[in-house]
Amino acid sequence: MNWLNTQLKSSLLALLGSHAITPGIREDRIEQIRQSMLDELGEFGETHFPKIVARVRYALDAQALWFIRSEVMSVLGARYGETIAREKINQISKNFIGLLPKGLISRPSSFRG
Numbered sequence: 001m002n003w004l005n006t007q008l009k010s011s012l013l014a015l016l017g018s019h020a021i022t023p024g025i026r027e028d029r030i031e032q033i034r035q036s037m038l039d040e041l042g043e044f045g046e047t048h049f050p051k052i053v054a055r056v057r058y059a060l061d062a063q064a065l066w067f068i069r070s071e072v073m074s075v076l077g078a079r080y081g082e083t084i085a086r087e088k089i090n091q092i093s094k095n096f097i098g099l100l101p102k103g104l105i106s107r108p109s110s111f112r113g
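Under my numbering, residues 1 to 113 are what the sequence shown spells out, in order.
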């Protein structure tokens, strides 16, 4: 019976396109993302945008950090310019794969404005 439950769970996860991420791995990845954001914000963020730094520091989960990316992008844009800021955010965004519902991860756009 246990084998059947394991097989059903594996099959269901495969159908949903989700890889099994243990809670420990999930927490480690969330902390890596948080630290990446804080590292990019650095002293500039602490000095000029302390509320955004606090939001990153105290975000409860991956979804909260995902939505804070736009604010981090604004700070990085002020510091480095939009092109470099976008590259940095794109690198951070790659770390969210597998942590969020599929509909939340943005897809690359073919639009080049």
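From the three backbone atoms N, C-alpha and C, an ideal C-beta is built for every residue, glycine too.
Whole-number beta carbon distance between residue j and residue i, since they are thought to touch under 8 Å
i	j	result
leucine 76	glutamate 40	6 Å
isoleucine 92	methionine 37	6 Å
methionine 73	isoleucine 89	5 Å
leucine 100	arginine 26	No, leucine 100 and arginine 26 are not in contact; Cβ-Cβ is about 11 Å, not under 8 Å.
Helix, strand or coil at residue i [DSSP, three-state]
i	result
aspartate 61	coil
leucine 104	helix
asparagine 90	helix
Chain-order list of residues whose beta-carbon lies under 8 Å from that of residue i (same chain, five-residue window excluded)
i	result
asparagine 95	Arg29, Gln32, Ile33, Ser36
isoleucine 68	Met37, Ile52, Arg55, Val56, Ala59
isoleucine 97	Ile105
threonine 47	none
glutamine 63	Leu100, Leu104
aspartate 61	Ile30
lysine 21	In the sequence as displayed, the identity of residue 21 is isoleucine instead of lysine. Contacts found: Arg29, Gly98, Leu99.
Beta-carbon contacts of residue i that lie in its chain and below 6 Å, excluding the five residues immediately before and after
i	result
phenylalanine 49	Val75
glutamate 71	Ile52
Contact set for residue i: own chain, Cβ-Cβ below 7 Å, skip 5 residues either direction
i	result
phenylalanine 44	Arg79
Next on the checklist: Runs of 4 residues minimum, wholly inside the region 24-88: which ones carry the alpha helix (DSSP H) assignment?
Outcome noted: 50-58, 62-80
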